[in-house]
Amino acid sequence: MDVDDFQSSLLEALSDCPFVESVDLKTEAVIVKGRVVLEDERFLQVYFNEHTGTTAFGTSTRT
Numbered sequence: 000m001d002v003d004d005f006q007s008s009l010l011e012a013l014s015d016c017p018f019v020e021s022v023d024l025k026t027e028a029v030i031v032k033g034r035v036v037l038e039d040e041r042f043l044q045v046y047f048n049e050h051t052g053t054t055a056f057g058t059s060t061r062t
């Protein structure tokens, strides 16, 4: 999977989620990273590296 495939798949999956308020992704060469803002002051951090195959997600709440 490359960065374009990852970003497209992620955006497609998130488009059907009613609890997603906004998506802010940045692409830097072979890396996609960003934040998905969710309802109730929560957010999802997203990271993907095309070269290493690393995919990471983390959730948190705003304080």
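So the sequence shown is numbered by numbering that gives the first Met the number 0: it starts at 0 and just counts up by one.
Where a beta carbon is used, it is the ideal one built from N, C-alpha and C, also for glycine.
Nothing here was measured: the structure is a model prediction, and the numbers come from that model.
The C-alpha of F5 lies about 20 angstroms from the C-alpha of L37. F42 and A12 have their C-alpha atoms spaced approximately 16 angstroms apart. Of the residues assessed, F47 falls on the buried side of the cut-off, its CB having 16 or more other CB atoms within 10 angstroms. A direct Cα-to-Cα measurement between K25 and M0 gives close to 17 angstroms.
Counting C-beta atoms within 10 angstroms of its own C-beta, V45 has 16 or more neighbours from the protein chains shown and is therefore classed as buried.
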